[in-house]
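Asks: Going down the list, the sequences are from chains U and B. If you're matching positions, the first sequence starts at 0 in numbering that gives the first Met the number 0 and goes up one per residue. If you're matching positions, the second sequence starts at 0 in numbering that gives the first Met the number 0 and goes up one per residue. Below is one structure. I have some questions about it.
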Amino acid sequence: MQFEYNVDGGNFTRAGFASSEIKKILKKLNVDIGIIKRTVVATYEGEVNIVAHAYSGTIYVDIDTERIRITLKDEGPGIPDIDQAMEEGYSTASSQVREMGFGAGMGLPNMKKNADEMQISSEVDKGTEVEIVMFLHNKE
Amino acid sequence: MVKFFHHALKFRKEICIGCSHCMNECPTQAIRIHGGKAELTDNRCIDCGKCYMVCPVGAIIVEADDLSRIFDYTHRVALIPNILLGQFPEGVSISQICSVLMEAGFTHIFEVEHGTRVLEDEMIRMMEQKELPRPLISTFCPAIVRLIQVRFPMFTDNLMLLKAPLDIAAMYYRRKLEEDGASPADTGVFYITPCAAKIAAIKSPVGEESSPITGVINMDFIYNKIYTKVKQGLSGKGSCCLPAMQPLQPEEMVWSLTEGESARMPGRTLAIDEVSNVIEFLEKMENEEISDIDFLELRACDQSCAGGILTSGNRFFTVERLRMRAEEAARGNDSMIYDTAGDSIRDHSDYLNEHLKVTQIKPRAMDKLDEDMEQAMLKMRKVQEIMKDLPYVDCGICGSPTCNSLAEDIVQGKAHVNQCIYVQKRWEQEGKLQPKESMEILKEIWGEDKF
Chain U
0 MQFEYNVDGG
10 NFTRAGFASS
20 EIKKILKKLN
30 VDIGIIKRTV
40 VATYEGEVNI
50 VAHAYSGTIY
60 VDIDTERIRI
70 TLKDEGPGIP
80 DIDQAMEEGY
90 STASSQVREM
100 GFGAGMGLPN
110 MKKNADEMQI
120 SSEVDKGTEV
130 EIVMFLHNKE
Chain B
0 MVKFFHHALK
10 FRKEICIGCS
20 HCMNECPTQA
30 IRIHGGKAEL
40 TDNRCIDCGK
50 CYMVCPVGAI
60 IVEADDLSRI
70 FDYTHRVALI
80 PNILLGQFPE
90 GVSISQICSV
100 LMEAGFTHIF
110 EVEHGTRVLE
120 DEMIRMMEQK
130 ELPRPLISTF
140 CPAIVRLIQV
150 RFPMFTDNLM
160 LLKAPLDIAA
170 MYYRRKLEED
180 GASPADTGVF
190 YITPCAAKIA
200 AIKSPVGEES
210 SPITGVINMD
220 FIYNKIYTKV
230 KQGLSGKGSC
240 CLPAMQPLQP
250 EEMVWSLTEG
260 ESARMPGRTL
270 AIDEVSNVIE
280 FLEKMENEEI
290 SDIDFLELRA
300 CDQSCAGGIL
310 TSGNRFFTVE
320 RLRMRAEEAA
330 RGNDSMIYDT
340 AGDSIRDHSD
350 YLNEHLKVTQ
360 IKPRAMDKLD
370 EDMEQAMLKM
380 RKVQEIMKDL
390 PYVDCGICGS
400 PTCNSLAEDI
410 VQGKAHVNQC
420 IYVQKRWEQE
430 GKLQPKESME
440 ILKEIWGEDK
450 F
């Protein structure tokens, strides 16, 4: 099953809407609570990243009985150094964003921690694409 | 389907006029209209009593025990929450209230809030255990516990697995009477309840095997009994024997009010009352938008227990009165006279702590479309298909509270798309449905007599 959500850059009031909708779907599909929790944390971090850094973005959700794949694609400044962005505590957020409780530099590391698989690609001045995969059954 | 919960709220079909007010008010969408009557889906209901509050004809009743049941016992304990005392206007004294209860047949009166002392000690101990999840959520309000089970299963791990003050007070008082020579079989402990959720929790406790409470009596019934006697000047002269007990502390007196618990817990705490406020907050918390909170006090009623559905007094005045009593008590002027040389409940904390905990509280998720994920996905696709035909108006004419709930009912085989009045009109236009047929459908939902 596929779902798609648009995310506006700079609109913190609505940040979390897509993750909330995804959570509702997973609850209806009787996905394990622990997996829902991790999916929502990872998606929310990604959603806030788009709001905080990009001009606009789209979250694509693809679910089958084996796994959940979520692709967060944005048009924005891109990430010049992905390894650095993956470090805990590294942040480029403005003080204004930090005052709102965002931008602690935990976004991408937290996504990686909660996802079973994560891939990230970015092009400076174009945008970033993050793909996370959650497996619904324990992979032996 | 397995029935998870006992419900104290009962729908009386013979009185129900099928107005659907309850259906539109229910926070868990547990009500449908069929045959001109409201029908309850038991496993979704959390006993919050919102339906009871909006029913214009009194078709919903709260099933409690009859007062005469107390005479099955030699020792008859009235377990009264502070909220009862807050029901009455100034001029009705606490000793008057107690003496009417004694005249009604009780042999002992005990205040529920005595149970908060050892509970608070244990809650603080739990707050100090860093390995427990955060925020810890109080289990004080049984409607909230059920709400979390059915709608927010991922927070069942956050619930503090502790009994309520009323259970602790009942356990303590039973023990005290036993020490004084009363046989446990001859002792009946009756709780005077401000809400339906407490009854449901006592009749089918979540996470505990049996309740130390013998029966439950509705607060509105007792209120009327007391107020009538007081108004007729027939009461208030009798003496009232309260147990030899340390008096209640001011903070214990306001435990059941909003912030009663949160003000006593360490760290960053928050108190939220009224069920839709709680739902809104927990949804945010599920999305991880809220973090760094150590303790959450959640109550289903506005103004917490002062707004209980079986209360008679105005909830804001009740809060004012209870806060005033606490202030007076802080100055040493409580009108509830205790023999202060007596017992302190803390002296029994070893025994009570042993029985304070409840076992695991299990999730009872009701949102899932099917146990099997593949089936659930099929059903979700069907829901999406059906939603294309529905108007997103949530008018409720179909007998389900929202378009989406109708779509889900259809997928679960409990409803048909032609129940939607928009679909009916469209089908009539296209010649797929005769006006006579659509009238029959409406009659099936809303009853013959409405047409």
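Heads up, the beta-carbon is just placed ideally off N, CA and C, and yes, glycines get one too.
(1) Quick check: residue 37/U and residue 109/U, are their CB atoms within less than 8 Å of each other?
(2) I need the boundaries of the alpha helix (DSSP H) containing residue 35/U, first residue and last residue.
(3) At which residues does the beta strand (DSSP E) containing residue 217/B begin and terminate?
(4) By the DSSP assignment, the alpha helix (DSSP H) with residue 324/B in it spans what residues?
(5) Along the chain, where does the beta strand (DSSP E) containing residue 71/U start, and where does it finish?
(6) Answer yes or no: the CB of residue 297/B versus the heavy atoms of the ligand NAP, is any distance below 7 Å?
(7) Counting only beta-carbon separations shorter than 8 Å, does residue 5/U have a partner in chain B?
(8) What whole-angstrom Cβ distance do residue 29/B and residue 43/B have, given they're in contact under 8 Å?
(9) Please state the DSSP three-state secondary structure of residue 365/B.
(10) Let me make sure I understand the geometry here. Which of 130/B, 273/B, 286/B, 113/B has the alpha-carbon closest to that of residue 451/B?
(11) Give me, in chain order, the residues of the same chain whose beta-carbon lies closer than 6 Å to that of residue 426/B; leave out the 5 immediate sequence neighbours on both sides.
(12) Determine the closest residue to residue 444/B out of 272/B, 38/B, 385/B, 381/B, with distance taken between C-alpha atoms.
(13) Quick one: Cα of residue 418/B to Cα of residue 385/B, how far?
(14) Can you name the residues of chain U whose CB is closer than 7 Å to the CB of residue 369/B?
(15) Tell me which same chain residues have a C-beta within less than 6 Å of the C-beta of residue 79/U, skipping the five on either side of it?
(16) Check the Cβ-Cβ distances between residue 0/B and every residue of chain U, and say whether any is below 8 Å.
(17) Going by alpha carbons, who is nearest to residue 128/B out of 324/B, 429/B, 293/B?
(18) What separation, rounded to the nearest whole angstrom, lies between the Cα atoms of residue 322/B and residue 441/B?
(19) Using only the alpha-carbon positions, how far apart do residue 105/B and residue 69/B sit?
(20) If you scan the stretch 13-72 of chain B from start to end, which runs of the beta strand (DSSP E) of 3 or more residues do you find wholly inside it?
(21) Which residues in chain B sit within 8 Å of residue 64/U, going by Cβ to Cβ distance?
(22) On the premise that residue 286/B lies in contact with residue 43/U, defined as a C-beta separation below 8 Å, what is that separation, rounded to the nearest angstrom?
(23) At a CB distance below 8 Å, what residues from the stretch 395-413 of chain B approach chain U? Give them in sequence order.
(24) Evaluate contact between the stretch 43-56 of chain B and the stretch 75-95 of chain B, counting only Cβ atoms and requiring at least three cross-stretch pairs below 8 Å.
(25) Pull up the distance between the alpha-carbon of residue 266/B and that of residue 217/B, whole angstroms please.
(26) Excluding the five sequence neighbours on either side, which residues of its own chain have a C-beta within less than 8 Å of the C-beta of residue 326/B, listed in chain order?
(27) Assuming residue 32/B and residue 398/B form a contact by the criterion Cβ under 8 Å, report the distance between their Cβ atoms to the nearest whole angstrom.
(28) Using three-state DSSP, classify residue 10/B as helix, strand or coil.
(29) Any residues in the stretch 32-50 of chain U with a beta carbon nearer than 7 Å to a beta carbon of chain B? Which ones, in chain order?
(30) List the residues of chain B whose Cβ lies closer than 9 Å to the Cβ of residue 88/U, in chain order.
(31) Flag this pair as yes or no: are the beta carbons of residue 168/B and residue 253/B separated by less than 8 Å?
(32) In the DSSP assignment, what are the bridge partners of residue 123/B?
(33) Applying a beta-carbon distance threshold of less than 9 Å, which residues of chain B neighbour residue 0/U?
(34) Under 7 Å between beta-carbons, which chain B residues line up against residue 18/U? List them in chain order, please.
(35) With DSSP run on the structure shown, which of helix, strand or coil describes residue 130/B?
Replies: On the basis of the supplied data:
(1) The answer is no: Cβ separation not under 8 Å.
(2) Element bounds for residue 35/U: 32-52.
(3) Here the beta strand (DSSP E) through residue 217/B covers 214-217.
(4) Segment 314-329, the alpha helix (DSSP H) holding residue 324/B.
(5) Residue 71/U: member of the beta strand (DSSP E) spanning 66-74, first to last residue.
(6) Absence of the ligand NAP is noted for the structure shown, with no ligands found whatsoever.
(7) No, its Cβ sits nowhere closer than 8 Å to a Cβ of chain B.
(8) Correct: roughly 4 Å between the Cβ atoms.
(9) Judged by DSSP in its simplified three-state form, residue 365/B adopts coil rather than helix or strand.
(10) As shown, chain B starts at 0 and ends at 450. That puts residue 451/B outside it, with no answer to give.
(11) A distance below 6 Å between beta-carbons, with the five flanking residues on each side excluded, links residue 426/B to the following residues of its chain, in chain order: 432.
(12) It is 38/B.
(13) C-alpha of residue 418/B to C-alpha of residue 385/B: approximately 12 Å in a straight line.
(14) Using a Cβ-Cβ cut-off of 7 Å, residue 369/B is close to 29 of chain U, given in chain order.
(15) The beta carbon of residue 79/U lies closer than 6 Å to those of 123 in the same chain, with the five residues before and after it left out.
(16) No answer about residue 0/B holds up, because its pLDDT of 45 lies below 50 and its placement is not dependable.
(17) For residue 128/B, the closest C-alpha among the options 324/B, 429/B, 293/B is that of 293/B.
(18) Residue 441/B has its alpha-carbon roughly 51 Å from the corresponding atom of residue 322/B.
(19) Cα atoms of residue 105/B and residue 69/B: separation of roughly 8 Å, rounded to the nearest angstrom.
(20) List check, beta strand (DSSP E) in window: 30-33, 36-39, 59-61.
(21) Below the 8 Å Cβ cutoff, chain B contributes 372, 373, 376 as neighbours of residue 64/U, in chain order.
(22) With a contact defined as Cβ atoms closer than 8 Å, residue 43/U and residue 286/B qualify at about 6 Å.
(23) Contact residues of the stretch 395-413 of chain B toward chain U are absent (C-beta to C-beta distance below 8 Å).
(24) No: the two stretches stay apart, fewer than three of their Cβ pairs being nearer than 8 Å.
(25) For residue 266/B and residue 217/B, the distance between alpha carbons rounds to 36 Å.
(26) Excluding sequence neighbours, residue 326/B sits near 249.
(27) Yes, they are in contact, since the Cβ atoms of residue 32/B and residue 398/B sit about 4 Å apart, within 8 Å.
(28) The three-state secondary structure of residue 10/B, taken from DSSP, is strand.
(29) For the stretch 32-50 of chain U, the set of positions with a beta-carbon nearer than 7 Å to some beta-carbon of chain B reads 32, 35, 36, 39, 40, 43 in chain order.
(30) Neighbours of residue 88/U on chain B: none; closest Cβ ~17 Å, over 9 Å.
(31) Cβ atoms of residue 168/B and residue 253/B: not closer than 8 Å.
(32) DSSP output for residue 123/B lists no bridge partner at all.
(33) Contact of residue 0/U with chain B by beta-carbon distance below 9 Å involves 376, 379, 380, 383.
(34) Residues of chain B with a Cβ closer than 7 Å to the Cβ of residue 18/U are, in chain order, 286.
(35) It is coil, neither helix nor strand.
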